[in-house]
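Numbering (our numbering), first residue to last: 9 to 154.
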């Protein structure tokens, strides 16, 4: 991870970079979820808060969840990580990152969502721009909403 992101940009910078440079990967992940035969899916990364948090935020947004609820859902990850927090801090420091990268701050997700709106218009507009059109977004909603 350290070879891709600069600690100088902070955790929000890492998240916004995901939107700016991971178009193909984000599309591939979401494409899997358009096919009901692939469900249920497990979405994870090393700690389940950074790349996973961004993907879940995108899915929640597609499903019509408001930004503040997305922030609250993201922040709830901190509770699940509490028992391994010190090892996450150690891992981050070993990779050259600050302790901030071990945390789950509501401001990080909030600022990421603001960034996406300012740069792309909305998450839906971002997705259209990377080739994940409204019909595909509709399939996500159909597959995830009851």
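Built from N, CA and C at the ideal position, the CB exists for glycine as well.
By the Cβ rule, the segment 32-44 counts as touching the segment 130-149, because three or more pairs are nearer than 8 Å. Residues 65, 68 of the same chain have their beta carbon placed closer than 6 Å to that of residue 78, with the five preceding and five following residues left out of the count. The three-state reading of DSSP puts residue 57 in coil, since its state is none of H, G, I, E or B. Distances from the alpha-carbon of residue 114 to those of 73, 72, 84 put 84 closest.
Where residue 151 is concerned, the enclosing alpha helix (DSSP H) starts and stops at 142-152. Across the structure, residue 96 and residue 105 are spaced so that their CA atoms are roughly 11 Å apart.
Secondary structure at residue 91: helix, using DSSP grouped into helix, strand and coil.
The alpha-carbon of residue 152 is positioned some 19 Å away from that of residue 80. Check the Cα spacing between residue 18 and each of 58, 134, 49: the tightest is with 58. Burial state of residue 72 is exposed, judged by a 10 Å Cβ sphere holding fewer than 16 other Cβ atoms. In this structure, DSSP gives residue 121 a helical state, which the three-state scheme calls helix.
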